[in-house]
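*Asks:*
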Amino acid sequence: MAAESFGVDAALFARLRVLWAEHDPMPAELIDQMVAAVASSDLSREYAMLTLVEGSRAAVRSDTDTATLQFSDGVTSVLVHVSTTENGGRRVDGWVDGAVKTILLVQKDRQWEADPGEQGRFAFGEVPAGLCHLRLVVESDHTHDYRTPQFEV
-11 MAAESFGVDA
-1 ALFARLRVLW
9 AEHDPMPAEL
19 IDQMVAAVAS
29 SDLSREYAML
39 TLVEGSRAAV
49 RSDTDTATLQ
59 FSDGVTSVLV
69 HVSTTENGGR
79 RVDGWVDGAV
89 KTILLVQKDR
99 QWEADPGEQG
109 RFAFGEVPAG
119 LCHLRLVVES
129 DHTHDYRTPQ
139 FEV
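In this note's numbering, the protein residues as written are -11 to 141.
The following block contains the structure:
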């Protein structure tokens, strides 16, 4: 009896598929749009927007060069000020809003850790010049990482 019922159901579903295909066909671009939507669903978190607030996009190169950068993923925002130290290294001062537990400054295979404290302020001194990014461990409903795009110090 069950096998017989399965055959009737399969035939009914086959007729329904034909009916829908004739009267309300799937748009040709729907599959591509769905693949693109799923692939980009979390881009705002993965690729935070980088905004140059003041200074230049070039690396900080002299005693008077500074750069201020702002990163945001729509939930957490970070403001970073980069300046040159007396020893030729870079100092990175920052402020973050939100419940951030830890901030890491990552440069190639090196990293420095800072605690933003209650006011959200953090600093890294004597960082070598080069490309780096910040990684923030954010505490909200669930703990997650927020990574900024790379920037040059």
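From the three backbone atoms N, C-alpha and C, an ideal C-beta is built for every residue, glycine too.
Flag this pair as yes or no: are the beta carbons of T90 and H69 separated by less than 8 Å?
*Replies:* no
*Asks:* Is DSSP giving A117 helix, strand or coil here?
*Replies:* coil
*Asks:* On the DSSP bridge list, what partners appear for A102?
*Replies:* BP columns for A102 point to I91.
*Asks:* Tell me which residue opens and which closes the beta strand (DSSP E) that A55 is part of.
*Replies:* 54 to 60
*Asks:* How would you label D61, buried or exposed, when you count the other beta carbons within 10 angstroms and need 16 or more for buried?
*Replies:* Its Cβ being crowded by 16 or more others within 10 Å, D61 is buried.
*Asks:* Specify the secondary structure class of V63 as computed by DSSP and reduced to three states.
*Replies:* Here V63 sits in coil by DSSP.
*Asks:* Using beta-carbon positions only, say whether Y134 and T56 come within less than 8 Å of one another.
*Replies:* no
*Asks:* So, using beta-carbon positions, are L92 and V115 closer together than 8 Å?
*Replies:* No, Cβ-Cβ distance for L92 and V115 is not below 8 Å.
*Asks:* Please report the straight-line C-alpha distance between V(-4) and A24, rounded to a whole angstrom.
*Replies:* Roughly 37 Å separates the two Cα atoms.
*Asks:* Contact defined as beta carbons within less than 8 Å: I believe A117 pairs with V80. What is the distance between those atoms, to the nearest angstrom?
*Replies:* Not really, about 11 Å apart at Cβ, beyond 8 Å.
*Asks:* Take Q95 as the anchor and find which of A(-1), L4, R123, A9 has the nearest alpha-carbon.
*Replies:* R123
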